[in-house]
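Just so you know, we're using numbering that gives the first Met the number 0 here: the sequence shown kicks off at 0 and counts up by one.
Just so you know, even glycine gets a beta-carbon here, dropped at the ideal spot from N, CA and C.
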Amino acid sequence: MTAPPTTNKKLIAWVNDIAALATPASVHWCDGSDKEYHALCDLMVSHGTFTRLNEKLRPGCYLARSHASDVARVEDRTYICAKSKEEAGPTNNWTEPTEMRAKLRAMFKGCMKGRTLYVIPFSMGPIGSPVAKIGVEITDSPYVVVNMRIMTRMGAAALNALGDGDFIPCVHSVGAPLEPGRQDAPWPCEPDPAKKYIVHFPDTREIWSYGSGYGGNALLGKKCLALRIASVAARAEGWLAEHMLILALTSPKGEKHYICAAFPSACGKTNLAMMQPALPGWTVRCVGDDIAWIRIGADGRLYAVNPEHGFFGVAPGTSAQSNFNAMETIRRNTIFTNVALTPEGDVWWEDMGGPAPAKAIDWEGNEWTPGCGRKAAHPNARFTAPAAQCPVIDPEWESPEGVPVSAFLFGGRRPGTIPLVSEAFSWEHGVFMGSAAGSETTTAALGKAGVLRRDPFAMLPFCGYHMGDYLAHWISIASRTDRAKLPKVFFVNWFRKSTEGKWLWPGYGDNSRVLKWICERVAGTGKAVKTPIGNLPTPDALDLSGLDVSEEDMRQLLAIDVEGWKREADNIGSYYDTLGSHLPAALRAELEQLRQRLATA
Ligand code: O2Y
Ligand code: MN
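So, in C-alpha cells, the structure goes:
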C-alpha cells in the first residue's frame with residue numbers, strides 16, 4: 000500500500016482494518032483527478048465493463064451493462080440496524096447491530112481478493128459548506144469510483160476538507176473475490192439476491208453494502224448517506240434530510256421562488272426539476288432533482304442545499320418532449336447503464352423520441368430489433384451526468400448556505416379523488432398532507448395495478464428511523480422558528496383521470512401553471528376557495544392561457560369528491576394505525592378535523 004495522503008488517524012486505522020479483513024491485492028486512494036477518472040474508464044473498457052460511445056455523437060460517454068440480477072435498489076435487503084427494532088420502526092428491516100456486524104465481517108472476509116480497494120473521500124454538499132458532510136467510501140468497484148466522481152465532490156479536495164475531523168465510513172464490496180488466473184466478469188457481483196446486504200448503523204453512523212454494484216446500493220453517498228443516515232443526523236441536529244427536488248420559478252417580472260417537492264418514484268421528479276414552462280416569460284432553474292438538506296437560517300426561513308453533484312436519472316421515457324434539459328445534460332461526459340447501443344455507437348431507450356433504430360444491442364448484450372418482444376433498455380436504466388452540464392442549472396445551486404424555500408410540494412400518482420392542487424391551512428395540515436403522500440401502482444415491477452402504497456414524504460425507503468418519529472420531527476419544525484416564515488405547503492396530483500380513464504391534465508411544461516398559482520399564493524395574490532381538504536384555486540385563478548383543456552375537465556380536476564375523501568380519510572387512519580404510539584397527536588388531530596369538515600360538507 001502506498002502511503003495514505005492523510006494524517007487522519009481514524010481514517011488510516013479504518014482503511015487498514017477493512018484492508019486486513021477484505022484482503023485486496025492493492026489499495027488506491029482516490030484523488031478525484033481527471034487523470035484518475037480517465038485511467039479507470041480505460042481500465043473498464045479493457046475489462047469489458049465499459050463500452051466507449053461514439054466520440055462524435057456522445058463525447059466522453061460510456062455504456063455499462065450490469066449483471067441481469069443487479070438492476071435496481073434492493074429494498075428487501077436494506078436494513079436499519081438501530082439498537083432496537085422499535086427505533087427502526089415498522090417500515091424498515093432490522094437486525095440486532097452486534098449480530099449484523101458479525102455477519103458482515105464474516106461476509107467481508109477475503110471478499111476483495113484479487114481486486115483493488117479504492118478509498119473515496121467525498122463531500123455531500125459544496126466543499127467547505129457549513130452543512131456539508133464528509134463520507135469516505137471503500138469499494139472494490141471502479142464503476143463505483145467513476146460514478147461517485149460525478150455524483151459527489153470527491154477526492155483530494157474532500158480529503159483536505161476532512162483534515163483530522165470525523166467522517167461517515169461507508170464500506171462497499173461487489174462480493175465477488177477474484178481467484179488467481181480467473182477471468183473477471185464485466186459486472187462482478189453476488190448473483191444471489193438473498194446474499195446482498197445494504198446496511199445502516201444509525202447509532203455509529205456507518206454504512207456497509209455487500210453484493211451489488213448498482214446505483215443506490217453501491218453509490219453510498221446518495222440514498223444511504225444523504226437520506227438514511229442524514230435523516231438520523233437531521234433529527235438529532237434540528238434540520239431535515241429530504242427526498243426532494245429543488246427548483247426555482249421566476250416570473251416575467253423577475254420574482255423568484257424556490258420550491259422543494261417530494262414525489263414517490265415514477266412521478267417525473269427529474270422532469271419537473273428541469274421543466275420548460277409552457278407559460279411564456281416564466282423560467283424554471285434546477286438546484287437538484289432528488290435530495291434536499293434543509294435548515295433553519297439565521298433569519299428564521301428554511302434554506303435548502305442539494306448535497307449531490309450529479310444526476311442519476313432514469314433513461315427510459317426521457318426525451319426532448321418529456322425533459323429537453325436532461326437530454327441536453329447527457330450529451331457528453333455521461334455514464335449510461337443498461338440502455339441499448341445503436342450500430343452508430345450511440346445510446347437508445349424506449350420513449351426516447353424519434354424512430355427506433357433498425358437494430359441495436361439490448362441492455363443484456365443481445366441483438367435487438369423493433370417488435371422483437373423485448374425491451375431494448377432495462378426499465379431502470381440510468382444516466383449518470385454532472386449537474387453543472389444542465390443548461391438550466393440555477394446560478395445558486397452550489398450556494399454553501401442553500402436557497403430560501405418558499406413552498407413545499409407533495410404528490411403522487413392518484414387517478415381518483417385527489418385534486419390537481421390544494422394548499423394546506425397550516426404547517427401541521429401540511430405535514431398531514433406529506434404524511435398521506437403515495438402512489439397507486441401501475442407497473443408490474445411495483446406490484447398489482449391499482450394498489451395504493453402510502454409513501455410519507457416519499458421517504459418510505461429512505462427514512463433511517465421510525466416513520467412516526469420522522470413525522471413528529473416535521474411537526475416540531477414549527478416550534479423552532481417563526482411560523483410566519485415557514486414555507487407554504489401544497490399537494491399536487493398531475494395524474495388524475497376521468498371516469499373514462501383518460502388523463503385530465505397534460506403535465507410536463509403545463510405544470511408551470513400550477514407552480515405559478517403556488518407562487519401567487521406565497522406572494523398573497525393568488526385567489527383560492529376554502530374546501531374541506533384545503534384551499535383550492537378559484538375557477539379563474541389558474542393561468543390556462545393557450546391551454547387546450549375543456550371546462551368540464553378543469554371542473555373534474557378541481558372537484559372535491561366528498562365520499563371519495565371519506566374513504567381516503569379512513570385509509571389514512573388505517574395507515575396511521577401501523578405507526579402505533581409514535582404517530583404524533585397533531586396528525587391524529589388533523590385527521591379528525593378533516594373528517595369533521597367532510598361530515599358537514
Ligand atoms: O435503482 C437505483 O439504484 C436507483 S434509485 C434512484 C436513483 C436516483 C434517484 N432516485 C432514486 C429513487 O429510487 O428514489
Ligand atoms: Mn429518488
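Item, Value
"Where the beta strand (DSSP E) through tyrosine 465 begins and ends", "The displayed chain sequence assigns histidine, not tyrosine, to residue 465. Run containing histidine 465: none; DSSP gives neither H nor E here."
"Spatially closest choice to alanine 87 from Glu35, Lys132, Asp202, Arg100, by CA coordinates", "Asp202"
"Distance between glycine 437 and proline 418 (C-alpha atoms, nearest Å)", "14 angstroms"
"Buried or exposed (CB count within 10 angstroms, at least 16 for buried), cysteine 169", "buried"
"Candidates Tyr257, Ser208, Ala12, Glu519: closest to glutamate 136 by CA position", "Ser208"
"Cut-off 6 angstroms between Cβ atoms - residues of its own chain near serine 68, not counting five sequence neighbours on either side", "Pro190"
"Assigned secondary structure, tyrosine 574 (DSSP; H/G/I helix, E/B strand, else coil)", "helix"
"Rounded C-alpha distance that separates leucine 340 from alanine 63", "10 angstroms"
"Distance cut-off 7 angstroms: aspartate 289 Cβ against heavy atoms of ligand 2", "yes"
"For valine 70, three-class secondary structure by DSSP", "coil"
"Distance, alanine 229 Cα to arginine 520 Cα", "31 angstroms"
"Straight-line gap, alanine 444 to proline 378 (C-alpha atoms, nearest Å)", "Because alanine 444 sits at a pLDDT of 48, beneath the cut-off of 50, its placement in the model cannot be relied upon, and the following sentence gives the value as read from the coordinates. If I take the Cα positions, the gap works out to 9 angstroms."
"Where the beta strand (DSSP E) through alanine 260 begins and ends", "255 to 261"
"Exposure of tryptophan 347, with buried meaning 16 or more beta-carbon neighbours within 10 Å", "buried"
"Nonlocal neighbours in the same chain, by C-beta distance under 7 angstroms from methionine 99, ignoring five residues either side", "Tyr78, Cys80, Val198"
"Proximity of glutamate 307 and lysine 221 at Cβ, strictly below 8 angstroms", "yes"
"For lysine 108, three-class secondary structure by DSSP", "coil"
"The region 523 to 543 touching the region 412 to 429, judged by at least three CB pairs closer than 8 angstroms", "yes"
"Those residues which DSSP pairs with proline 120 across a bridge", "Val135"
"Histidine 472 classed as buried or exposed, judged by whether at least 16 other C-beta atoms fall within 10 angstroms", "buried"
"Proximal residues to glycine 446 (C-beta, below 7 angstroms), its chain only, five neighbours per side dropped", "Low per-residue confidence applies at glycine 446: pLDDT is 47, beneath 50, and the placement is therefore not dependable, though the value from the model is reported in the following sentence. Excluding sequence neighbours, glycine 446 sits near Thr440."
"Check: histidine 242 C-beta below 7 angstroms from any heavy atom of ligand 2", "yes"
"Alpha helix (DSSP H) runs contained entirely in the region 278 to 344, provided each spans 4 or more residues", "319 to 328"
"Reference glycine 287, options Thr249, Met243, Arg72, Arg330, closest by Cα", "Met243"
"Three-pair Cβ contact test at 8 angstroms for the region 309 to 329 versus the region 271 to 284", "yes"
"Beta-bridge partners of serine 140, as assigned by DSSP", "For serine 140, which the question treats as bridged, DSSP gives no partner whatsoever."
"Near ligand 1: arginine 72 beta-carbon under 7 angstroms from a heavy atom", "yes"
"The region 592 to 600 in contact with the region 550 to 568 per 3-pair CB rule at 8 angstroms", "yes"
"Close Cβ partners of isoleucine 360 (< 7 angstroms) along its chain, the five nearest in sequence each way excluded", "Ala339, Leu340, Glu366, Trp367"
"For proline 185 and glycine 47, believed in contact at Cβ under 8 angstroms, the rounded distance", "4 angstroms"
"Opening and closing residue of the alpha helix (DSSP H) in which asparagine 534 lies", "Where asparagine 534 is concerned, there is no enclosing alpha helix (DSSP H), although the beta strand (DSSP E) it sits in stretches over 533 to 536."
"Boundaries (first-last residue) of the beta strand (DSSP E) holding histidine 601", "The structure shown does not extend to residue 601, since the chain is modelled only from 0 to 600, so the question has no answer here."
"Cβ neighbours of proline 263 in the same chain (closer than 6 angstroms, five flanking residues each side left out)", "Gly411, Ser438, Asp454, Ala457"
"Inter-residue Cα distance where the pair is alanine 588 and serine 580", "14 angstroms"
"Under 8 angstroms between C-beta atoms of alanine 376 and isoleucine 329", "no"
"Span of the beta strand (DSSP E), counted from its first residue to its last, around tryptophan 28", "25 to 28"
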